[in-house]
Structure formats: C-alpha cells, structure tokens
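Have a look at the structure below, then the notes.
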Amino acid sequence: MKVVSCYSIKGGVGKTATSVNMAYMAAKSGMRTLLIDLDPQGASSFYFRVKPSKKQQGKRLINASHALLKQVKASDFDNLDIIPAHMSFRNFDALLSQLKKSNNRLNKTFSKLSSEYDLIILDCPPTISYLSEAVFTASDVIFVPVIPTTLSERTYEQLLEFFKKKAFPKKRIIPFFTMVQSQKSLHKNTMNSMNNRYSRFLNSTIPFSVDIESMGEHRAPVGVFAKHRPANKAYQSLWKEMDKSIKKAK
Amino acid sequence: MITPEIQNWLVKPECGTQQLISMLEKDFQVKAESEADLDVVTLMDDFDWDVWNANSLLLRSKQNTWKMYAANEMAEAGDVDAGARFWWELPQSELKDKLKELVDLRAVMPVVDVHLSRTDLVLRNDDDKIVVRMVLTTLTDIAEQEAQRSNHFIQIKSLRGYLGPFKTAIKLMEHCLAEQLDSLSMKTMMQLHGYGPVDHDETSKNYGITEDEAVEPAIRQMSLLMLQTARHNEQGVIDDIDTEFLHQYRVSLRKTRSLLNLMKKALPADVHLKLKTLLAELASATNMLRDMDVFLLERDYYQAMLPENFSAGFSQLFRMIAADREKARKSVYKSFKSAKHSKTFDDVFKLLESEPVYASDIARKPVLKAAKKKILSRYHRLSLVGSEIHEGTPDDDVHALRIECKKLRYLMEFFAELFPKKRIRQLIKSLKKLQTILGNFNDYSVQKEFLTDYEKNHKTTPQLSAAINGLIAVLHQKQIAERQKVQQAFALFNDDQTVAEFQALFGKQKVGK
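Protein chains in written order, with the numbering used here: chain A, 2 to 251; chain B, 276 to 788.
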C-alpha cells in the first residue's frame with residue numbers, strides 16, 4: 002500500500018481537482034483506493050457527493066483510527082472509497098500537537114488500512130501545521146501543483162526550505178504545473194526556468210480549463226462528463242507519470 | 276475493502292419491476308437500466324443430470340455461446356457448433372475441460388428454454404449520491420402455453436458507509452419480498468423456478484430392501500428395479516444420443532442375470548430358467564453394437580500404439596469398423612422397436628411381479644443372513660484362487676480370479692445398503708484396485724481377440740493387416756506387463772486387515788458400526 006498526498010501552501014491551485022481526478026483514475030486502473038479529505042472546506046468530498054455522518058460531528062477524535070474507519074463511504078465508482086471532510090479534523094492537528102510522537106500516530110492508522118487499500122490519497126488543507134507535518138511524514142510521495150508564475154516559484158522554494166529545516170526527504174516532493182495558459186509568455190518562461198532549476202517537475206501539465214472549473218456543477222471527476230476532451234487527456238497523461246513515481250517510491 | 280452487505284431475495288409473484296421501483300421512490304431517486312436484449316438461454320444437461328448434480332449449470336445462448344456456472348465462477352466458450360453435444364466437440368476452453376470432467380462419454384441435451392433478463396437498479400439520495408445498488412433478475416418460461424411463469428430475484432448490495440439507506444430500501448420493499456436466499460446462484464434461481472431432475476430411483480444405489488425381508492421378494496424387487504433402468508435407457512439408444520445409454524442398458528441386464536445366478540434358488544427353478552433365457556436374448560441382440568462402440572471410443576488409445584507409417588492402414592480399419600457400427604445400430608434400432616422386444620420385456624416383468632412361491636429354504640431366509648453367507652463363501656473362494664497365482668500359473672487362472680472378483684463385488688454392491696456404509700465402501704474400494712489390474716489384463720486379451728477375428732472375417736489389404744498385427748503385438752506386450760502385477764496386487768488386497776474385516780462384516784455374529 003502506498004500513501005500519497007496532494008499538497009500546496011497556497012489555495013486555489015487546483016489541488017483538489019487533482020486529488021479527485023487522481024483518485025478516479027487510480028480506482029479505474031484497478032487500485033483499491035481511499036481518498037481522505039483533510040481539508041475542512043471539504044471540496045473533494047463535495048465533488049464525490051459525500052457528506053460526513055452526522056453522528057461523528059462535534060465528537061473529539063480520541064481514537065483516531067477507529068473513528069476514521071467508521072467514516073469510510075463508498076463512492077459511486079468501483080474501487081474508490083472516501084473519508085469525507087469532518088469538522089473536527091480542524092481539531093485534528095490540535096490533537097496531534099499534544100503528542101510528541103504525533104507524526105507516528107498517522108502512520109499507525111494507515112498501516113491498519115493497508116490490507117484493504119492499495120493507495121491512500123490525502124487531500125490536504127493549504128496550511129503548514131502539525132497536520133501537514135504528519136502528512137509529510139506519512140506520505141511516500143507528495144504531489145505539489147504549481148501555477149507557473151513568479152510568485153508560485155517563491156512559494157515552491159519556501160516549501161523546499163521548510164523540508165530542509167525539518168529534515169524531511171525532499172525527494173518525496175513531486176511538483177507539476179497546473180492551470181497552465183500556454184499562450185501567456187509568463188507561464189512559458191516560468192516553466193522553462195523552473196524546469197531548469199528543479200529536475201523533479203513532471204512532464205505532463207494541466208491546462209486551465211472550463212471543464213475542470215465545471216467539476217463543481219457536475220459534482221464528478223472530469224473523466225465522467227468530459228472524457229474525450231483535453232483536460233481529461235491531460236489528467237490521464239499526468240496520472241501515468243504519477244503512477245510510475247508512486248510505484249518507484251520507497 | 277470490506278465486502279458490502281448483500282441480501283438475496285425471491286420476490287413475490289404478484290410484484291413486478293414497476294411495483295418495486297414505486298415503493299423505492301418514496302425515499303430514493305431510482306434509475307433502472309436493463310440489459311438491451313432479452314436473453315433466451317437453453318439449459319443443457321446429460322441424461323443423468325451430471326452437471327446439475329455437480330452443482331453446476333450449463334446454459335446455451337442463441338448465439339451458440341455456452342456458459343457453465345459453478346458456485347461463483349463462470350466458464351465460457353463461444354462459437355460452438357450448433358449441433359454440439361459432446362465435450363470433445365467444443366473449442367479449446369476451460370469449459371471444455373470442465374464438461375469433460377462432469378459428463379465424460381455422455382451427450383448433453385437441451386432440457387428447457389428460458390428467458391433471462393437483468394435490470395440494474397441504482398438508488399440515490401438527495402445529494403444525488405449512489406447509496407444502494409440492486410440487481411433484479413427475471414426468469415421466464417418459454418412454453419407454448421399462454422401462461423408464462425416468471426420469477427423475479429433481487430440482489431441488494433449496500434455501499435460502505437451507507438448501511439442506513441440499505442436497510443431503508445429493504446424495509447420499503449418488504450411487502451414484495453417473499454423469501455430470503457443464502458445465495459443467488461444461477462442454480463438456485465433455476466431450482467426455485469421449478470427446474471431440476473425428477474427424482475429417479477435409479478440415481479440412488481439403493482434397492483429398498485430390509486434386513487428381515489425374505490430373499491425371494493427381495494430379489495424380485497431388486498431385479499424389477501434394474502430392469503426398469505434398462506427400459507429407461509432404451510429411448511436414448513433408439514435416438515442414438517450417446518454410447519452410455521446402450522452401456523447402461525446392458526449393465527442393467529447383466530446385473531440382473533448376475534443377481535439371479537448368484538442367489539440361485541431364490542426364485543423357483545423354472546422361473547429362473549425362463550428369465551435367464553429371455554434376458555440372454557435381450558442382451559445378445561446388442562452385442563455387436565456394443566463391441567463396435569467400445570472399439571471406436573478407444574480410437575486415440577489405439578492410434579498412440581502405432582508408429583506414423585501405419586496411419587493409412589489404421590484409418591482404413593476404423594472406417595470399416597465405423598461402417599459396421601452403423602449396420603449394428605440399425606439392427607438394434609429395429610430390434611428395440613419390434614413387437615417381439617416389447618413382448619419379451621412384458622414376459623420378464625410378469626414373471627418377476629408374480630407372487631413369491633418360496634420353493635426352497637433360501638427363498639424364505641432373511642435376506643441379510645443369506646447375503647452374509649454368500650458373500651463370505653465367495654470371499655473364501657476368491658482367497659483360495661488368488662493365493663495360488665504366481666508367475667508360472669496359466670493365464671486361465673488369472674481370468675478365473677477376475678471372475679471371482681466380479682462376483683464378489685456384485686454381491687457386495689447388491690446388498691451394500693444392509694451393511695455399515697463406510698466399512699463396506701472401504702472393502703469395495705480395495706477390491707476395485709485389484710479388479711482394475713485384472714480388468715486391464717482381460718481387456719488386452721479381449722482386444723487382441725477382437726482384432727484377430729476381425730482380420731479373419733474381413734477382406735484385408737497388406738496395409739490393413741500390418742496395422743492390425745501391429746496393434747496385436749503392442750497389446751500382447753501390455754498384457755504381459757500387466758500379468759506381472761497380479762501377484763502383488765492380490766497380496767495387497769488380501770492383507771490381514773482385509774481378511775479380518777470380511778470375517779467381521781459377513782461372519783455369523785452381529786455387526787457393529
């Protein structure tokens with residue numbers, strides 16, 4: 002079983018769209034997949050039309066793994082389950098901060114799930130927090146979407162510095178370009194320069210697309226409602242590369 | 276992923292798809308997707324329902340695709356010849372192998388045609404999320420009558436995290452659900468729809484005799500049962516469906532004659548004599564056909580014995596035998612359809628159904644006592660004959676041993692239901708092992724003789740003669756090899772344990788379990 006996360010310090014970079022489409026494709030390729038929505042905004046849960054069970058709201062997640070498992074819901078698609086966003090995940094990192102060994106807690110939880118799933122995808126909130134650190138520790142690969150602008154370049158560097166400071170292995174980070182508008186020279190130049198500076202960027206890029214924006218209306222991955230259009234093709238090509246790096250990891 | 280909870284239900288006959296959907300629409304959005312074409316399938320099986328009895332189901336679609344369902348698996352073979360009935364006529368596939376195992380020499384025939392349709396029902400909640408999945412399967416008769424029976428079956432699957440909606444759906448449909456089923460295999464559905472083998476007494480090996488019953492009525496009853504089996508197989512011979520029908524016909528006749536001989540004096544002497552004559556007549560009319568069948572079935576076995584350069588002669592031989600077979604078949608057909616044939620059977624049944632006469636002491640004896648005595652004395656005879664066999668003894672002694680084994684085995688099988696099942700089965704099992712070797716030895720003899728006679732009675736070419744003699748030579752070598760195994764096989768059979776067990780089961784004392 003592999004654990005991957007989709008992470009960005011900034012919001013609005015297409016992180017959730019990536020998690021959703023990645024989960025859909027992984028499941029389609031035959032991997033038993035679990036998507037865990039750690040973002041209190043709950044966008045990926047929304048895309049899969051899943052709400053958390055009312056019973057668990059307000060309760061403190063004392064026994065994290067037990068509570069997690071109870072939250073699992075089947076999506077509309079074979080091989081894909083979801084743990085929807087939960088308000089008290091907001092308290093999750095507060096809980097974790099109480100424990101010195103907070104990072105190992107998440108690992109323990111995930112190892113229980115390994116008999117049931119081949120792939121766990123974590124859709125992370127755009128923060129740097131104890132939760133994020135726990136996620137970084139638990140992940141085999143961390144996919145980072147980057148919009149090719151100068152500001153994004155800086156943000157990416159911040160992430161690398163954070164990893165250096167905390168002695169997290171940088172090689173886990175796999176960035177890729179997203180919301181690309183190839184007619185813009187800023188985008189083209191930024192992609193060139195970042196590719197030169199960092200060898201880890203994936204070749205496939207995700208274009209800015211109306212289809213991706215309308216995921217909210219359809220409440221479904223693009224593969225469902227825009228199968229033959231460019232955005233989906235881009236995700237398919239991206240998934241192929243992601244699949245390779247997931248298999249290579251560890 | 277945790278396996279979802281599944282429930283299988285038989286739906287009440289008065290409820291249809293529309294009704295179920297309107298019940299569910301109270302709490303869910305329901306979308307129904309049916310398979311495009313109503314599939315008409317034919318249930319196939321052999322005369323003995325071997326496929327069904329092995330918990331499998333063989334279905335043939337109109338497009339000549341065959342599907343075999345077993346437990347949770349399905350094997351498929353496409354593009355099958357329209358008239359295919361034997362496993363060897365199927366294209367290379369898992370289904371071909373499976374069928375071979377189940378039916379061997381028997382032909383599979385259409386049993387019944389049935390409509391099979393499948394509707395997928397998807398239930399969504401207010402968020403448009405799928406929360407329950409169902410499959411509705413419908414079986415409908417295709418009969419000439421106007422009233423076509425249908426049976427609906429529903430399989431309801433819960434999705435993880437949505438147990439509530441699953442339970443709600445079932446509650447909504449409860450007035451339409453008749454019976455919950457453990458599984459929804461094709462076979463279960465067919466059974467509930469009313470298909471399946473009719474209980475033939477011949478499928479069980481019991482004759483329905485009891486310990487204290489007198490020998491004469493018991494023997495009469497057993498014989499009647501066996502001869503009814505023979506009669507049941509006649510149509511299959513007339514229609515030339517497969518070679519097993521004739522084989523079973525002859526086996527039934529042979530066993531009856533055997534029973535009457537082994538339990539001599541059970542019936543009055545004149546009755547016995549009449550029956551013997553009549554049964555011999557019935558059997559001999561089919562000798563030629565059976566010989567030909569046996570030889571033709573073994574074509575591959577014989578072909579493997581000869582080198583390539585004999586192949587032309589070999590083919591010629593088989594062509595001639597196939598032609599002879601057809602002649603023999605026509606003659607049996609005529610014979611079975613004749614008035615004389617019916618009369619002979621009528622006479623036989625009349626003789627057996629007449630009141631017991633008790634012409635001798637044995638006729639009156641309780642059958643268990645009589646059986647034990649016979650079996651034990653046969654066994655002692657067999658021990659004697661077998662223990663005298665070594666490398667130097669003539670072949671005739673080996674044949675004699677084979678006959679003794681056969682008689683003992685028949686006796687044990689005839690009266691098996693009167694003895695503890697496991698123990699007698701074990702003895703029969705060891706006896707069978709010895710019989711296999713003796714049987715092979717005999718087969719080679721018989722085959723050599725068949726070929727020798729064939730050559731004598733037919734015009735041959737040098738090629739044909741060469742093929743025949745080549746086969747005889749190989750068979751001879753095989754016979755010699757088998758002969759050498761006999762002594763050891765007998766010792767293996769007749770060890771101290773076996774000796775003791777025969778005494779224990781068939782000696783004068785009462786038998787424990």
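Every residue, glycine too, gets a C-beta built ideally from N, C-alpha and C.
Query                                                                                                                                                                    : Result
For Phe570/B, collect the residues of the same chain with a Cβ closer than 7 Å to its Cβ; drop the 5 residues on either side in sequence, then sort them by chain order. : Ile596, Phe725
Under 7 Å, CB to CB, which of the residues in the stretch 425–436 of chain B have a partner in chain A?                                                                  : Leu434, Arg435, Gly436
If you drop the 5 nearest sequence neighbours on each side, which residues of the same chain put their C-beta closer than 8 Å to that of Tyr654/B?                       : Leu683, Phe777, Phe781
Using a beta-carbon distance below 8 Å, is Ala44/A in contact with chain B?                                                                                              : no
Measuring only between beta-carbons, confirm whether Glu477/B sits less than 8 Å from chain A.                                                                           : Reliability of the predicted coordinates at Glu477/B is poor, the pLDDT of 45 falling under 50, and the value obtained from them is presented with this limitation in mind. Output row for Glu477/B: interface = no.
What's the call for Arg155/A, buried or exposed, on a 16-neighbour Cβ count within 10 Å?                                                                                 : exposed
Tell me whether His811/B sits in a helix, a strand or coil according to DSSP, three-state version.                                                                       : In the structure as shown, chain B begins at 276 and stops at 788. Residue 811/B is therefore absent and cannot be evaluated.
Take the Cβ of Ser281/B as the centre, count every other Cβ of all protein chains shown within 10 Å, and call the residue buried at 16 or more, exposed below.           : For the sequence presented, residue 281/B should be read as Ile rather than Ser. Per the 10 Å Cβ criterion, exposed.
Given this structure, state the Cα-to-Cα distance separating Glu289/B from Ser331/B, to the nearest angstrom.                                                            : 29 Å
Considering just the uninterrupted stretch of the alpha helix (DSSP H) at Tyr118/A, what are its terminal residues?                                                      : Premise fails: Tyr118/A is in no alpha helix (DSSP H) and is neither H nor E.
Just checking: is the beta-carbon of Ser52/A within a distance shorter than 8 Å of some beta-carbon in chain B?                                                          : Just to set this straight, residue 52/A is Lys in the shown sequence, not Ser. Yes, because at least one Cβ of chain B sits closer than 8 Å to the Cβ of Lys52/A.
Do Ser20/A and Leu35/A come within 8 Å of each other at the CB atom, strictly closer than that value?                                                                    : no
For Lys404/B and chain A, any beta-carbon pair shorter than 8 Å?                                                                                                         : yes
Rounded to whole angstroms, how far is the Cβ of Ile175/A from the Cβ of Val145/A, which I believe are closer than 8 Å?                                                  : 7 Å
Pull up the distance between the alpha-carbon of Leu572/B and that of Trp363/B, whole angstroms please.                                                                  : 12 Å
Pick out whichever of Pro127/A, Thr150/A, Lys241/A has its Cα sitting closest to the Cα of Ser205/A.                                                                     : Lys241/A
Note down, one range per segment and in chain order, each alpha helix (DSSP H) of at least 4 residues found wholly within the stretch 586–671 of chain B.                : 586–612, 614–628, 636–639, 642–662
Could you check the C-alpha separation between Arg758/B and Ala764/B for me, to the nearest Å?                                                                           : 10 Å
Report yes or no: do three or more beta-carbon pairs, one from the stretch 637–648 of chain B and one from the stretch 683–700 of chain B, lie closer than 8 Å?          : yes
Using C-beta distances below 6 Å, list every residue in its chain close to Lys3/A, excluding the 5 sequence neighbours before and after it, in chain order.              : Leu120, Asp141, Ile247
Output needed for Val623/B: all residues of its chain with C-beta closer than 6 Å, excluding positions within five of it in sequence on either side, in chain order.     : Leu553
On a Cα-Cα basis, can you pick out the residue from Ser635/B, Ser613/B, Ser460/B that is closest to Asn347/B?                                                            : Ser460/B
For Thr128/A, report the span of its alpha helix (DSSP H) as first-last.                                                                                                 : Thr128/A -> no alpha helix (DSSP H), and no H or E assigned at all.
Who are the neighbours of Lys74/A on chain B, taking C-beta pairs under 8 Å?                                                                                             : Leu434, Arg435, Gly436, Tyr437
Taking only the alpha-carbon atoms, compute the straight-line gap between Trp324/B and Glu376/B and give it to the nearest angstrom.                                     : 13 Å
If we define contact as Cβ-Cβ less than 8 Å, is Asp77/A a contact residue for chain B?                                                                                   : yes
Is the stretch 529–538 of chain B in contact with the stretch 482–495 of chain B, if contact means three or more CB pairs nearer than 8 Å?                               : yes
Okay, do the stretch 666–686 of chain B and the stretch 707–715 of chain B touch, 3+ Cβ pairs below 8 Å being the bar?                                                   : yes
Taking the continuous alpha helix (DSSP H) assigned at His547/B, which residues delimit it?                                                                              : 544–559
Report the three-state DSSP secondary structure of Gln430/B (helix, strand or coil).                                                                                     : strand
The beta strand (DSSP E) that contains Phe777/B, what's its start and end?                                                                                               : Counting along the chain, Phe777/B falls outside any beta strand (DSSP E), though it belongs to the alpha helix (DSSP H) covering 771–781.
Helix, strand or coil for Ala764/B? Go by DSSP, reduced to three states.                                                                                                 : helix
If you reduce the DSSP assignment to three classes, tell me which class Asn562/B lands in.                                                                               : helix
Based on Cα-Cα distance, which residue from Met538/B, Ile650/B, Ala579/B, Gly469/B lies nearest to Lys783/B?                                                             : Ile650/B
Any idea if Asp402/B is buried or exposed, counting beta-carbon neighbours within 10 angstroms, 16 or more meaning buried?                                               : exposed
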